[in-house]
Amino acid sequence: MVTTQQPTESARATQPRIWGNIPPRNPNFTGRVDLLERLRERLQEGTTTVLPEAIHGMGGVGKTQMAIEYAYRHQSEYDVVWWIPAERPGQIGQSLVELAQRLGLGTSPEANIAGPAVREALREGRPYSRWLLIFDNADSPERVRDYFPTGGSGTILVTSRNRRWSVVGPSLEVDVFTREESKELLRRSGSPGDLDDAEADRLAEALGDLPLALEQAAAWRAETGMPVSEYLRLFEDKRSELLEVSPPPDYQLPVAAAWNVSLDHLETRSLAALRLLQLCSYFAPDPISRSIFSGLGGSRIEPELDRALNDPMRLARAIREINRYSLARIDHRTNSIEMHRLVQAVLINRMAPEEQQRMRSGAHTLLAASDPKGPNQSANWPRYAELYGHVIASGAVESDQPWVRELVMNVAKYLWYWGDHKVAREFMEQAWQTWRQLFGEEDQQTRLMAWWLSFVYLKVGRYDDASQLVAQLKDVYARTAPADREDTREDALETLNLEAAVRRVQGDFAAGAELDEAAYDRARRAFGEDDP
23 MVTTQQPTES
33 ARATQPRIWG
43 NIPPRNPNFT
53 GRVDLLERLR
63 ERLQEGTTTV
73 LPEAIHGMGG
83 VGKTQMAIEY
93 AYRHQSEYDV
103 VWWIPAERPG
113 QIGQSLVELA
123 QRLGLGTSPE
133 ANIAGPAVRE
143 ALREGRPYSR
153 WLLIFDNADS
163 PERVRDYFPT
173 GGSGTILVTS
183 RNRRWSVVGP
193 SLEVDVFTRE
203 ESKELLRRSG
213 SPGDLDDAEA
223 DRLAEALGDL
233 PLALEQAAAW
243 RAETGMPVSE
253 YLRLFEDKRS
263 ELLEVSPPPD
273 YQLPVAAAWN
283 VSLDHLETRS
293 LAALRLLQLC
303 SYFAPDPISR
313 SIFSGLGGSR
323 IEPELDRALN
333 DPMRLARAIR
343 EINRYSLARI
353 DHRTNSIEMH
363 RLVQAVLINR
373 MAPEEQQRMR
383 SGAHTLLAAS
393 DPKGPNQSAN
403 WPRYAELYGH
413 VIASGAVESD
423 QPWVRELVMN
433 VAKYLWYWGD
443 HKVAREFMEQ
453 AWQTWRQLFG
463 EEDQQTRLMA
473 WWLSFVYLKV
483 GRYDDASQLV
493 AQLKDVYART
503 APADREDTRE
513 DALETLNLEA
523 AVRRVQGDFA
533 AGAELDEAAY
543 DRARRAFGED
553 DP
């Protein structure tokens, strides 16, 4: 018999002083009793416990859901419980900046100041010593460990698909459900007595006991009341179609088949809802603020989707349909929508290439429309932090649209101004290399990205890299300079100033002064003495 534990009334009454960014609790959380107890024991033994997967690369087994459930059940044992999306370093940094504010540390919002301040405060136990940090979906141990407090009386929990985390701390493997857990979840979602043991067993067997697939099938049956035999017929039809066309990995097959049953129905019931899900499949598997959907304006993606995005009532109805069949996580507290990465893959694989391109371009359009266009202003940093993951996941760096490329440039600048210099450098390197390949070195925005990357190299002490890239830039400007007059393009003059700075840090002060003087003389002749 599978039991589902719930917190006591006293535990519900005692909440942490700081409870941050914890996703909503899953009301249908089932089983995992032994795992949760072992997790509690591990967390009491040491400061770091990791939840990797039982099979490398496998998703949908419920690691995140288990971490969420643990946080809710044991919240009374902590003064601080803080959830940290950890797939990208920039997300971790933003979470620590927010935690610094909640702890009342009085630091500036720059990542390179707030992050160390938080780690030191937690290590010293001020103002609270009982803390739990949950790093969700962490990938590289080498990158994420840098954000851990070293010491202190708190604990750290990590969820990851990367088994290399087992060398960092005690490893607790999360596998698919036991058969009893699968059947319990299926029974709980319907009316009492509408699913006998044999039917539940057949359904669980077909779905591979994979929690993500089971939850979708349970939600579908709860909404439609469809008999198990009919559902299994639809499921097998979808499974056969997938195997004939482009079979996914074995563990993804139940997810893809279960979701395609629901998506086929949604297509006939609410095409706008399906189109919205297709659009969201090109965002990161993180919360997507509904405010992003309001930026379509006069642009066009797909007729049914356009009507929904331009009409708040239509959009609300589409989101209700998505929520009705549990096709995405709708968080009314944060007014956001979030999709699992495996479900995003299912949606993308259903689309024809031209549909994929249309939806991806549509995601870029909405992201670009959400650009606050002020990366050097701290008031805009939370918005850029929100856009950052979606810019990466959507492949916006490959877009040829000027306004999308401007967003990529502004995200790069934001990362620098915000103080995460390593992440800024890596982001700029990727963008510059991609743009150089797609658009050429002489493209104006490629040149601008190269200038910023040279500047960052200079500031972080990579002087040889800065010197080499500035030399390449000078060559580009020489090839593209006006043939009939002196080159007074602003970015060309700024490159001279940048080269002067590089020469000075390399010890050649005379060359630096000469380059600064040359840039000044050119600007004076072109714009006059009074030009700022």
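No gaps in the numbering here: position 22 of the sequence shown is 44 in the working numbering, and each next residue is one more. For every residue, glycine included, the Cβ atom is placed at its ideal position computed from N, Cα and C. What you are looking at is a predicted structure, and each value in this text was computed from that prediction instead of being measured.
Let me make sure I understand the geometry here. Which of 150, 512, 108, 194 has the alpha-carbon closest to that of residue 126?
Residue numbering aside, residue 126 sits at position 104 when the sequence shown is read from its first letter. Closest option to residue 126, judged by alpha-carbon separation, among 150, 512, 108, 194: 150.
Got a sec? Which residues, its chain only, sit under 8 Å from residue 174 by beta carbon, not counting five neighbours each side?
If you number the sequence shown from 1, residue 174 lands on position 152. Closer than 8 Å at Cβ, skipping near neighbours: 69, 144, 145, 146, 147, 151, 153.
Work out the CA separation of residue 162 and residue 76 for me, nearest whole Å.
To locate residue 76, count along the sequence shown from 1; it is residue 54. To locate residue 162, count along the sequence shown from 1; it is residue 140. Interpretation of residue 76 is limited by its pLDDT of 30, a score under 50 that renders its predicted location unreliable; the figure taken from the coordinates is listed afterwards. So the alpha carbons of these two residues sit roughly 17 Å apart.
Runs of beta strand (DSSP E) wholly within the stretch 111 to 176 (minimum 3 residues, chain order)
For the stretch 111 to 176, whole beta strand (DSSP E) runs of length 3 or above, ordered along the chain, are 153 to 158.
Anticipated Cβ contact below 8 Å, residue 203 with residue 52, distance rounded:
Here residue 203 refers to the residue found at position 181 when the sequence shown is read from its first residue. Here residue 52 refers to the residue found at position 30 when the sequence shown is read from its first residue. So it is a contact: roughly 6 Å between Cβ atoms.
Exposed unless 16 or more other CB atoms sit within 10 angstroms - verdict on residue 431
Taking the sequence shown and counting its residues from 1, one reaches residue 431 at position 409. By the neighbour-count rule (16 or more Cβ atoms within 10 Å), residue 431 is buried.
Buried or exposed, going by whether 16 or more other CB atoms sit within 10 Å of the CB of residue 398?
Stepping through the sequence shown from its first residue, residue 398 is reached at position 376. Counting Cβ neighbours within 10 Å, residue 398 comes out exposed, since fewer than 16 surround it.
Give the range of the beta strand (DSSP E) segment to which residue 358 is assigned.
Translated into positions along the sequence shown, residue 358 becomes position 336. Counting along the chain, the beta strand (DSSP E) containing residue 358 begins and ends at 358 to 360.
Nearest by alpha-carbon distance to residue 308: which of 253, 54, 106, 435 is it?
For the purposes of this step, residue 308 is identified with residue 286 of the sequence shown, where counting begins at 1. Nearest of 253, 54, 106, 435 to residue 308, Cα basis: 106.
Where residue 46 falls: helix, strand or coil (DSSP)
Here residue 46 refers to the residue found at position 24 of the sequence shown. It is coil, neither helix nor strand.
Residue range of the alpha helix (DSSP H) that includes residue 223
In the sequence shown, counting from the first residue as 1, residue 223 sits at position 201. Unbroken alpha helix (DSSP H) run through residue 223: 219 to 228.
From residue 78 to residue 44, what does the alpha carbon distance come to, in whole angstroms?
Residue 78 sits at position 56 when you count from the first residue of the sequence shown. Residue 44 sits at position 22 when you count from the first residue of the sequence shown. Low per-residue confidence applies at residue 78: pLDDT is 28, beneath 50, and the placement is therefore not dependable enough to give any value.
For my contact list, residue 497 and residue 469 are in at a C-beta cut-off of 8 Å; report their separation, rounded to the angstrom.
Numbered from its first residue, the sequence shown carries residue 497 at position 475. Numbered from its first residue, the sequence shown carries residue 469 at position 447. At roughly 11 Å, the Cβ-Cβ gap does not stay under 8 Å, so residue 497 and residue 469 are not in contact.
Quick one: is residue 459 buried, meaning 16 or more other Cβ sit within 10 Å of its Cβ, or exposed?
Looking up residue 459 in the sequence shown gives position 437. Exposed.
Hey, could you find the ends of the beta strand (DSSP E) residue 351 is sitting in?
As a working note, residue 351 is residue 329 in the sequence shown. Residue 351 -> beta strand (DSSP E) spans 351 to 353.
Name the two residues that bound the continuous alpha helix (DSSP H) containing residue 19.
Summary: the structure shown does not reach residue 19, with the chain confined to residues 23 through 554, and so no result is reported for it.
DSSP on residue 74, reduced to helix/strand/coil?
Along the sequence shown, read from residue 1 onward, the residue named residue 74 stands at position 52. Any answer about residue 74 is weak, because its pLDDT of 46 lies below 50 and its placement is not dependable; what the coordinates show is given next. The DSSP-derived three-state label of residue 74 is coil.
Could you check whether residue 136 and residue 442 sit closer than 8 Å to each other, using their CB atoms as the reference points?
Taking the first residue of the sequence shown as position 1, residue 442 is located at position 420. Taking the first residue of the sequence shown as position 1, residue 136 is located at position 114. Not a contact, by the Cβ cut-off of 8 Å.
Would you kindly work out how many angstroms separate the C-alpha atoms of residue 230 and residue 278, rounded to a whole number?
Taking the sequence shown and counting its residues from 1, the one referred to as residue 230 is at position 208. Taking the sequence shown and counting its residues from 1, the one referred to as residue 278 is at position 256. Rounded to whole angstroms, the gap between the alpha carbons of residue 230 and residue 278 is 12 Å.
Which residue comes first and which comes last in the alpha helix (DSSP H) that contains residue 187?
The residue labelled residue 187 in the question sits at position 165 within the sequence shown. Taken as a continuous stretch (DSSP letters only), residue 187 belongs to no alpha helix (DSSP H), as it is neither H nor E.
Between which two residues does the alpha helix (DSSP H) holding residue 233 run?
Position 211 of the sequence shown, counting from 1, holds the residue named residue 233. Counting along the chain, the alpha helix (DSSP H) containing residue 233 begins and ends at 233 to 246.
Tell me which same chain residues have a C-beta within less than 6 Å of the C-beta of residue 588, skipping the five on either side of it?
The structure shown does not extend to residue 588, since the chain is modelled only from 23 through 554, so no value can be given for it.
I need the straight-line Cα distance from residue 453 to residue 429, nearest angstrom please.
Counting from 1 along the sequence shown, the entry for residue 453 is found at position 431. Counting from 1 along the sequence shown, the entry for residue 429 is found at position 407. A straight line joining the alpha-carbon of residue 453 with that of residue 429 spans about 12 Å.
Start and end of the beta strand (DSSP E) containing residue 314?
Looking up residue 314 in the sequence shown gives position 292. Going by DSSP, residue 314 is part of no beta strand (DSSP E) at all; its letter is neither H nor E.
Could you check if residue 247 is buried or exposed, using at least 16 other CB atoms within 10 Å of its CB as the buried criterion?
Locating residue 247 in the sequence shown gives position 225, where the first residue counts as 1. Here residue 247 is exposed, its C-beta having fewer than 16 other C-beta atoms within 10 Å.
First through last residue of the beta strand (DSSP E) which encompasses residue 107
Counting from one through the sequence shown, the residue named residue 107 turns up at place 85. Boundaries of the beta strand (DSSP E) around residue 107: 102 to 107.
How big is the Cα-Cα spacing for residue 464 and residue 499?
For the purposes of this step, residue 464 is taken as residue 442 along the sequence shown, with counting starting at 1. For the purposes of this step, residue 499 is taken as residue 477 along the sequence shown, with counting starting at 1. Taking C-alpha positions only, residue 464 is separated from residue 499 by approximately 8 Å.
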